[in-house]
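Chemist: Following this message is one structure expressed as C-alpha cells.
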Amino acid sequence: MTHSIYLYIFVAAAVSCLIRVLPLTLIRGKIKNQFIRSFLYYVPYVTLAVMTFPAIIAAPQIPIAGILALVAGIIASWKGMNMLGIAALCCAVVFVCEAVMPYLA
C-alpha cells in the first residue's frame, strides 16, 4: 500500500468541508428545540475553556502560580474589572509568584 500525501490532504479537506457544509444543508429553518439551542450557544465557550484551562496551569514554571493567577482573575472579573486589567493582574500574579516561590521552598 502506497501512502500519498495528496490523498491525506484531500481527505482532511473533505472532512473539514463536510463539517462546515452539512449543518447548512441539513438544517434549513430555525432550531426550535430549546435544549439544542442552549447546547449550541455554549459550545464555543466550553471549547475555549477546555483549551485555555490546561495552558493556564501548565504555562508558568510553577503550576501554583498559574492557579493563583486563575483565582485572582476570577475574583477580579467577578468584581467588574475590565479584561485588560484582568490580564495585567494575572501576569503580575504569575511574575510575583515565580519571583518569590524559590525563596520560600
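Count along the sequence shown from 1, add 11, and you get the number used in the numbering used here. Positions of the beta carbon are idealized from the N, C-alpha and C atoms, including for glycine. Predicted, not measured: the structure shown is a model, and the values here were computed from it.
1) Is residue 84 buried or exposed, if buried means 16 or more other CB atoms sit within 10 Å of its CB?
2) Do residue 10 and residue 105 have their C-beta atoms closer together than 9 Å?
3) Quick one: measure Cβ to Cβ for residue 87 and residue 96, integer angstroms, because I've assumed they're closer than 8 Å.
4) Output needed for residue 32: all residues of its chain with C-beta closer than 6 Å, excluding positions within five of it in sequence on either side, in chain order.
5) Where does residue 13 fall in DSSP's three states?
6) List the whole-angstrom C-beta distance separating residue 108 from residue 68, where the pair is believed to meet the contact cut-off of C-beta under 8 Å.
7) For residue 73, which three-state DSSP category applies?
8) With H, G and I counted as helix, E and B as strand and the rest as coil, what does DSSP make of residue 92?
Modeler: Reading off the structure:
1) Result: buried.
2) The question about residue 10 has no answer, for the chain in this structure spans 12 to 116.
3) Going by Cβ atoms, the distance from residue 87 to residue 96 rounds to 7 Å, so yes, they are a contact pair.
4) Within the same chain, residue 32 has no close Cβ partners at all.
5) Looking at residue 13 - three-state DSSP - the assignment turns out to be coil, as it is neither helix nor strand.
6) About 13 Å separates the two Cβ atoms, so there is no contact after all.
7) Of the three classes helix, strand and coil, the one that applies to residue 73 here is coil, per DSSP.
8) In the structure shown, residue 92 sits in coil (DSSP, three-state: anything other than H, G, I, E or B).
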